[in-house]
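Residue numbers (this note's numbering), protein chains in the order written: chain A, 1 to 239; chain B, 1001 to 1079.
See structure below.
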Amino acid sequence: MLTRVVSYMTRSKGWLSWGWNRIIDDGLARVGAFRSVYPAKLRAAAADLQRRLLDTLAVGMTRIQRKSTKNAEPHVVRQDKVAPPRRISGLSDEKIREILDTPRGQRPDPSTYMTKAEIDEHLARFDDGAVRFRDANYDTAGPPGGSVMPKNEFEAMVKDAGGDLSIVEDGLGFDPGHLTSGRFEPVLIEAEDFNSIRIPSGNEGGANDRWLPGGFTSGGQAEAVMDFTGVDFTPIILD
Amino acid sequence: MKFGKKVIVPKTSAIKREPNRVTGPTWSVERVDGKVFYEYMSGELAGGIKRYEIAEEDFAAVYAGEMTDYDLLLKYNLS
């Protein structure tokens, strides 16, 4: 637009008087001066506008956030301090790492890092019996140091799954088909038949790379081990 | 849940030794065609029978009672 104005002003100088030409020259000089500085001024004005918009937006967002929380007043923390979540076993990450780094066969007995009350409380989960999945082709429920889970937790799992063994498989972290193939059958070991039930130390023959100290599997399932030599069992029939 | 008939398990844990086979309550070590296999019942929650090839010297050690099946699990990091 300025280019067109300059063009009209320059052409008009040819048919206007000397006095008017001076005014036009003065105008052209001002336009020239303006054109030399206006890009910088425009950039500065745009930057200023952007800063003001961002400041306004930040204030608005802060107000919205405060209104959406119980703590509507700025700089006042009203929540109570709570302890960080504990691992399901209650052991610290450092202790777990220390035990896992110990070679299998040399790992410490759980009584060295769990209190008697913790051990008793854990094993009380098995007072109603224990469940294990045995290979149906053999006449024993398991080897020495074989893993078991609490009967009532298995019952709850089956109930929640509506009797669908594929869901139970998934919940226990087994491969698909592990239970549904029929090769393995769940068996109940009654508490009176327990043989040296204990919290696994990780030294057991069945302790694999996913074993964790503290009596819980990596999936959070309570576990114990016992020696199955000569231990009677009762097949569980799932409809 | 329904339950079947309770299974009474023999209370024996004897180890039986034959020229090419040593058998325990839940495991065996056997020579087959020049190879030696350790077959055992896994202690995992749904642990079935697993089979693993081991060294000839291990057969001799197990046969002589110098090595147990648990030693084999540790040596070969089996579970």
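Virtual Cβ for every residue (Gly too), placed ideally from N, Cα, C.
No experiment lies behind these values; they were computed from the predicted model shown.
When DSSP builds the beta bridges, which residues end up paired with residue i?
i, result
"residue 112/A", "None, per the DSSP bridge assignment."
"residue 1023/B", "1016/B, 1028/B"
"residue 176/A", "DSSP lists no partner for residue 176/A."
"residue 135/A", "184/A"
"residue 130/A", "150/A, 189/A"
"residue 224/A", "148/A"
"residue 233/A", "1007/B"
"residue 9/A", "DSSP, once it has assigned bridges, lists no residue as partnering residue 9/A."
How should residue i be labelled, buried or exposed, when 16 other C-beta atoms within 10 angstroms of its C-beta is the threshold for buried?
i, result
"residue 232/A", "buried"
"residue 221/A", "buried"
"residue 84/A", "Because the pLDDT of residue 84/A is 42, which lies under 50, any placement of that residue in the model is unreliable, and the question is left without a value."
"residue 158/A", "buried"
"residue 93/A", "exposed"
"residue 185/A", "buried"
"residue 1040/B", "buried"
"residue 1038/B", "buried"
"residue 207/A", "buried"
"residue 1027/B", "buried"
"residue 53/A", "exposed"
"residue 1020/B", "exposed"
Relative to the C-alpha of residue i, which residue among the options is closest?
i, options, result
"residue 1016/B", "1074/B, 1049/B, 1079/B, 1065/B", "1065/B"
"residue 217/A", "101/A, 228/A, 202/A", "202/A"
"residue 1052/B", "1002/B, 1005/B, 1035/B, 1009/B", "1035/B"
"residue 1046/B", "147/A, 91/A, 108/A, 52/A", "147/A"
"residue 195/A", "168/A, 209/A, 215/A, 227/A", "227/A"
"residue 7/A", "116/A, 22/A, 28/A", "28/A"
"residue 132/A", "25/A, 177/A, 110/A, 235/A", "235/A"
"residue 1006/B", "13/A, 25/A, 139/A", "139/A"
"residue 26/A", "9/A, 164/A, 89/A, 183/A", "9/A"
"residue 134/A", "1077/B, 1055/B, 1069/B, 1050/B", "1050/B"
Give a single yes or no on whether residue i has its beta carbon closer than 7 Å to a heavy atom of the ligand FMN.
i, result
"residue 1045/B", "This structure simply doesn't include the ligand FMN, nor any ligand for that matter."
Chain B contacts from the segment 223-236 of chain A (Cβ-Cβ distance under 8 Å): 223, 225, 228, 229, 230, 231, 232, 233, 234, 235, 236
At a CB distance below 8 Å, what residues from the segment 123-145 of chain A approach chain B? Give them in sequence order. 132, 133, 135, 137, 138, 139, 140, 141, 142, 143, 144, 145
What residues in the segment 1020-1041 of chain B bring their beta carbon closer than 8 Å to a beta carbon of chain A? 1025, 1026, 1027, 1040, 1041
Residues in the segment 198-214 of chain A having any Cβ partner in chain B nearer than 7 Å: 204, 205, 206, 207, 208
Residues in the segment 159-185 of chain A with C-beta within 8 Å of chain B's C-beta atoms, listed in sequence order? 172, 174, 178, 179, 183, 184
For the segment 1001-1015 of chain B, enumerate the residues whose C-beta is nearer than 9 Å to any C-beta of chain A, in chain order. 1001, 1002, 1003, 1004, 1005, 1006, 1007, 1008, 1009, 1010, 1011, 1012, 1013
Residues of the segment 98-127 of chain A with a CB closer than 7 Å to any CB of chain B: list them in chain order, please. 104, 105
Using Cβ-Cβ distances below 8 Å, what residues of the segment 1043-1072 of chain B are close to chain A? 1043, 1044, 1045, 1046, 1047, 1048, 1049, 1069, 1070
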